[in-house]
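Residue 849 is where the sequence shown starts when you use the numbering used here, and the numbers rise one by one after that. C-beta: ideal position from N, C-alpha, C; glycine also. Quick caveat, the model's predicted, so the values are computed rather than measured. What follows is a single structure, written as structure tokens, with notes after it.
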Amino acid sequence: MFCSNYEALESALTKRGFIVHSAKDAEEARQLAFSLIKKDESVGFGGSVTVQNDLDLYNRLSERGNKVYSHWYASDRSKAQDDAGKANWYLASTNALLSDGRLVNIDGTGNRVASMIIGPEKVMLFIGKNKLVDGGLDEGIARIKRETCPPNARRLKLDKLPCGITGHCADCNSAQRMCRVTTIIEYPTRAIKEFHLVLIDEDLGR
């Protein structure tokens, strides 16, 4: 089970207008994506260890024949980000899921959170149970600063960031700073026609 109070969480998310799915593991989540995304639909990707590494959806959907866009694999990162935001689907994860159903994210460039807000019309987020925060906004942001940003700084080889060096947020003003935009999604915007959340009963991503 994703969490002990799953029914309450599902109810909170549904009332907010999200389409909720559950998956026992990464493989079941991957198969769910295959069932929802048609073979002739294009797919954009936000930077996500969950989606692109744990679920390997970029490669799997590309092999299936879908047109896929990800700045992780593109020589022209800006164009790939722009194309991803214009695809039929946008796949990513969230940094923190609050128990009241709000989604909290911190971005450096902003392309990932922008696509969750203004489209594509169909968005699907894959959320490992480690992303669930039993608390409010302060706890959600603290989780991101503690669990997400330091390992991402190391992964991206941002060697001048204090969090990447020490493992702790210093609220730095470094030119390499990743924490530049913080968003709280309470409800899907009117631009999003389908906002899917896949709750996965595994620890995935960061």
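Quick one: what's got a C-beta closer than 7 angstroms to Asp1051's C-beta in the same chain, skipping five residues either side? If you number the sequence shown from 1, residue 1051 lands on position 203. So the qualifying residues of the chain are Gly976, Lys977 and Asn978.
Given Asp948 as reference, the closest of Asn853, Ile992 and Gly933 once Cα atoms are compared: Position 100 of the sequence shown, counting from 1, holds the residue named residue 948. Here the closest residue by C-alpha is Asn853.
Flag this pair as yes or no: are the beta carbons of Gly1053 and Val897 separated by less than 8 angstroms? The sequence position of residue 1053 within the sequence shown is 205, counting from 1. The sequence position of residue 897 within the sequence shown is 49, counting from 1. Result yes, Cβ atoms of Gly1053 and Val897 sit closer than 8 angstroms.
Other residues of its chain near Thr1025: CB distance less than 8 angstroms, five sequence neighbours each side excluded: What you label residue 1025 is simply residue 177 of the sequence shown in a count that begins at 1. The amino acid at residue 1025 is misidentified as Thr; the sequence shows Arg. Once the five neighbours on either side are set aside, the close Cβ partners of Arg1025 are Gly956 and Leu1009.
Considering only residues of the region 903-978, which uninterrupted beta strand (DSSP E) runs meet the minimum length of 3 residues and lie entirely inside it, listed in chain order? The DSSP assignment places complete beta strand (DSSP E) segments of no fewer than 3 residues inside the region 903-978 at 937-940, 944-946, 951-955 and 970-976, in order along the chain.
Could you work out which residue in Ile966, Glu1042 and Gly894 is closest to Ala922 when comparing CA atoms only? Residue numbering aside, residue 922 sits at position 74 when the sequence shown is read from its first letter. Ranking the options by Cα distance to Ala922, first place goes to Gly894.
Counted within 10 angstroms of its Cβ, other Cβ atoms place Ser918 as buried (16 or more) or exposed: Within the sequence shown, the letter at position 70 stands for residue 918. Buried is the call here.
If I follow the unbroken alpha helix (DSSP H) through Ile989, where does it start and stop? The residue given as residue 989 occupies position 141 in the sequence shown. Boundaries of the alpha helix (DSSP H) harbouring Ile989: Leu985 to Arg991, taken from the DSSP string.
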